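Note that the working numbering has the sequence shown beginning at 1, numbered continuously upward.
Following: one structure in structure tokens, then a few remarks.
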Amino acid sequence: MGIFPFFSKKKKQPVLVRCTYCSYEFHLLPREVRLLETKNARDPLCPIKEECDICHTGFMIPVHYTNKQGKVYLFHELKPKIKNLDPNTALNRMFKNHFH
Numbered sequence: 001m002g003i004f005p006f007f008s009k010k011k012k013q014p015v016l017v018r019c020t021y022c023s024y025e026f027h028l029l030p031r032e033v034r035l036l037e038t039k040n041a042r043d044p045l046c047p048i049k050e051e052c053d054i055c056h057t058g059f060m061i062p063v064h065y066t067n068k069q070g071k072v073y074l075f076h077e078l079k080p081k082i083k084n085l086d087p088n089t090a091l092n093r094m095f096k097n098h099f100h
């Protein structure tokens with residue numbers, strides 16, 4: 001009886017992320033969160049940060065997320081620290097992979 005709590009079927013919930021520029025929201029699956037954490041491990045501000053696919057100007061950051069070490073990332077605290085890109089840099093980012 002005492003061993004069953006270790007085999008619980010509790011799954012991790014998706015993480016809600018929001019764009020810093022256009023406020024577009026969607027959920028990241030736990031697998032995607034792990035991939036972003038390993039990809040952005042050296043980022044001191046937030047390991048879950050991705051460029052927005054809708055506006056190509058802002059960054060998708062978590063609304064409320066707690067990592068394995070217990071550090072809490074909140075959207076309203078991270079947004080002022082992340083600088084939005086100027087339009088020229090955004091255009092370069094959109095078309096960098098399309099023209100070789």
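All residues carry an ideal CB built from backbone N, CA and C; glycine is no exception.
Only a predicted model underlies this, so the values are computations on that prediction, with no experimental measurement involved.
{"Query": "Own chain, CB closer than 7 Å to Leu74, minus 5 neighbours either side, in chain order", "Result": "His64"}
{"Query": "Continuous beta strand (DSSP E) stretch holding Val15: start and end", "Result": "Val15 to Cys19"}
{"Query": "Whole-angstrom C-beta distance between Val17 and Ile61, which should lie under 8 Å", "Result": "6 Å"}
{"Query": "Which residues DSSP lists as bridging His64, in chain order", "Result": "Leu74"}
{"Query": "Three-way DSSP call (helix, strand, coil) for Leu28 in this model", "Result": "strand"}
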